[in-house]
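Here is the structure we will look at, set down as structure tokens.
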Amino acid sequence: MPLFQNATFLVTVNHLRDLPPHTGLEVAFAGRSNAGKSSAINTLANRNRLAYVSKTPGRTQHINYFTLGNDRYLVDLPGYGYAKVPPTIRQHWEKLLSTYLQVRPQLCGLVMIMDIRHPFTPLDQKMLEWFLPTGKPVHILMTKSDKFSRQESSKALFEAKAVLAKSYPNCTIQLFSSLKRLGIEEAENAINSWLSKPSLSESVAAEQENKE
Numbered sequence: 001m002p003l004f005q006n007a008t009f010l011v012t013v014n015h016l017r018d019l020p021p022h023t024g025l026e027v028a029f030a031g032r033s034n035a036g037k038s039s040a041i042n043t044l045a046n047r048n049r050l051a052y053v054s055k056t057p058g059r060t061q062h063i064n065y066f067t068l069g070n071d072r073y074l075v076d077l078p079g080y081g082y083a084k085v086p087p088t089i090r091q092h093w094e095k096l097l098s099t100y101l102q103v104r105p106q107l108c109g110l111v112m113i114m115d116i117r118h119p120f121t122p123l124d125q126k127m128l129e130w131f132l133p134t135g136k137p138v139h140i141l142m143t144k145s146d147k148f149s150r151q152e153s154s155k156a157l158f159e160a161k162a163v164l165a166k167s168y169p170n171c172t173i174q175l176f177s178s179l180k181r182l183g184i185e186e187a188e189n190a191i192n193s194w195l196s197k198p199s200l201s202e203s204v205a206a207e208q209e210n211k212e
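Structure follows, in structure tokens:
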């Protein structure tokens, strides 16, 4: 069964004060506008329109929460890097994203979406710099790998792994294609390893049981 098979929309958030209060675990998806984030989420969920796919970059303008059951959540973050967004809105997004990534205790890992043709843009690097100090894992999907030949894709992946080994050692990376449905199992395994860990409430409950 796909990892996000039972994902159900929960709430849209535009301010940190409105983040859902829970003690479960969250996995967030982030990516540059038009890198294929919504398509990747829909592919992993085996659903056509769980996340909104638009031909207009910058469509996702809020933090969208989906419940997965068992106090687990998928968080779709606003796409970043769309030049036509007004400066005031861009500044709001940056503050919302950076603060959420740095201080949200329920967040257990970040899935970053990078177009295989344009990896590690300055904005991608900024996202990593915001998040990596938390010590939490990052898994990168190099999307639209169908745009490259197998040899080109392998070369791009090899070069990306070299960048990670040098500058971002807490990250893993893989090839992904929503069109060809490539890399689904590998992505699910990475994300499921995060969501399978005990949440805050589960850890407290286990600690109480051990004391009794």
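Residue numbers 1 to 212, in UniProt numbering, belong to the letters of the sequence shown in order. Backbone N, C-alpha and C define an ideal beta-carbon position, used for all residues, glycine too. Fair warning: this is a prediction, and the values are worked out from it, not measured in the lab.
Contact between T8 and F66 holds, with the beta-carbon distance rounding to 6 Å and staying under 8 Å. Taking a cut-off of 8 Å on C-beta distances, the segment 85 to 99 does not touch the segment 152 to 168, as fewer than three cross pairs fall below it. A straight line joining the alpha-carbon of F4 with that of A45 spans about 4 Å. In summary, A165 is exposed, with fewer than 16 beta-carbon neighbours lying within 10 Å of its beta-carbon over all protein chains present.
Around the beta carbon of R181, a 10 Å sphere encloses fewer than 16 other beta carbons of the protein chains shown; the residue is thus reported as exposed.
Scanning the segment 110 to 186 for uninterrupted alpha helix (DSSP H) segments of 4 residues or longer gives 122 to 131, 150 to 167, listed from N- to C-terminal end.
Between I113 and K37, the CB-CB gap stays under 8 Å.
Residue pairing by DSSP places A30 opposite M112 in a beta bridge.
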